[in-house]
Amino acid sequence: MPGHGRRVYIETVRPRSPHHTPYRRHSLSETSSFVFRDEFDDMQERENALLRQNHILQAQIQVKDRELTALDRENQELRRSLESSSDIESRQGQKMRDLRKKNVRLENENGRLESENDGLKIRIRELIRKLKDATDERVRILKEEVGSLNNQVAEWRRRYEDVDRRLKRLRENLDDHIETNRSLAAENEALRRNLELEERLRRRHGY
50 MPGHGRRVYI ETVRPRSPHH TPYRRHSLSE TSSFVFRDEF DDMQERENAL LRQNHILQAQ
110 IQVKDRELTA LDRENQELRR SLESSSDIES RQGQKMRDLR KKNVRLENEN GRLESENDGL
170 KIRIRELIRK LKDATDERVR ILKEEVGSLN NQVAEWRRRY EDVDRRLKRL RENLDDHIET
230 NRSLAAENEA LRRNLELEER LRRRHGY
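Using our numbering, the first residue of the sequence shown is number 50, and each one after it goes up by one.
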């Protein structure tokens, strides 16, 4: 696997089952994973981008809500104006028509803003779902990669132990060979001395 920089470890939250026992401790491998720093930074950057977009959408919803409130208030005022001016409709016919048109426009605008507000809420829910799905999928992939790395580490550890055993056997054999060589050297030295002694004896006796 190509280098990805140093690794960091993250904790992951396990979903609680209906029969969850609060006293059971989970192992480190069940609640944490090792990830590469650049992958972790990339996940955080995407998450932060989604959160920023979520904040922007929330702010837009608040603005639209205030606009809706203002339009409702103006609409109510216009309705009260229409009701109070019914007795002078003959003199203010044009004004009434203008007010009705404005009222229709405001109602249309109100409907448009409500529809846009609903669309923004749907978009926020979709972004939250995508963020959760992307995070869950990335955690799953990282867990698989960590499992694969753990298997590789176990395989290399097994190979190392096998090589270490073989090296120990070789060292033991080497020690045996060294001891044998020493014994043979001592025996050879004894034979050499015996030969020298016999040679001196032959010379002394003229053999």
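Where is the CB? At the ideal position from N, CA and C, for every residue including glycine. Keep in mind the model is a prediction, meaning the values are calculated, not measured.
Can you list, in chain order, the residues of its chain with a C-beta nearer than 8 Å to that of Leu-120? Leave out the 5 residues immediately preceding and following it. Only residues of its own chain outside the window of five on either side were considered, and among them Leu-155, Glu-158, Asn-159, Leu-162 have a CB closer than 8 Å to the CB of Leu-120, listed in chain order.
Mind checking who Phe-89 pairs with in its DSSP beta bridge? Looking at the DSSP assignment, Phe-89 forms no beta bridge with any residue, so it has no partner.
How big is the Cα-Cα spacing for Asn-222 and Asp-213? One alpha carbon belongs to Asn-222, the other to Asp-213, and they sit about 14 Å apart.
Would you mind stating whether Arg-174 and Leu-106 have Cβ atoms separated by less than 8 Å? For the 8 Å CB-CB criterion, Arg-174 and Leu-106 do not form a contact.
Rounded to a whole number of angstroms, what is the C-alpha to C-alpha distance between Gln-102 and Asn-166? If I take the Cα positions, the gap works out to 15 Å.
Pairs of beta-carbons, one from the region 82 to 101 and one from the region 185 to 201, closer than 8 Å: are there three or more? By the Cβ criterion, the region 82 to 101 is in contact with the region 185 to 201, since at least three pairs of Cβ atoms, one from each stretch, lie closer than 8 Å.
Have a look at Arg-249 and Arg-241 and give me their C-alpha separation to the nearest angstrom. Answer to the nearest angstrom: the Cα atoms are 12 Å apart.
Could you check whether Leu-169 and Lys-151 sit closer than 8 Å to each other, using their CB atoms as the reference points? No, they are not a contact pair.
Contact with chain B by Glu-94, beta-carbon distance below 8 Å: The structure shown contains no chain B; it holds only a single protein chain.
For Asn-97 and Glu-116, what's the separation of their Cα atoms in angstroms? Cα-Cα distance, rounded: 29 Å.
Rounded separation between Ala-239 and Arg-218 - CA only: Between the alpha carbons of Ala-239 and Arg-218 lies a distance of about 31 Å.
For my contact list, Ser-164 and Leu-148 are in at a C-beta cut-off of 8 Å; report their separation, rounded to the angstrom. With 8 Å as the limit, Ser-164 and Leu-148 do not qualify as a contact, their Cβ atoms being about 24 Å apart.
Between which residues of its own chain and Gln-109 is the CB-CB distance below 7 Å, once the five residues before and five after are set aside? For Gln-109, the CB contacts under 7 Å within the same chain, skipping 5 residues up- and downstream, are Leu-169 in chain order.
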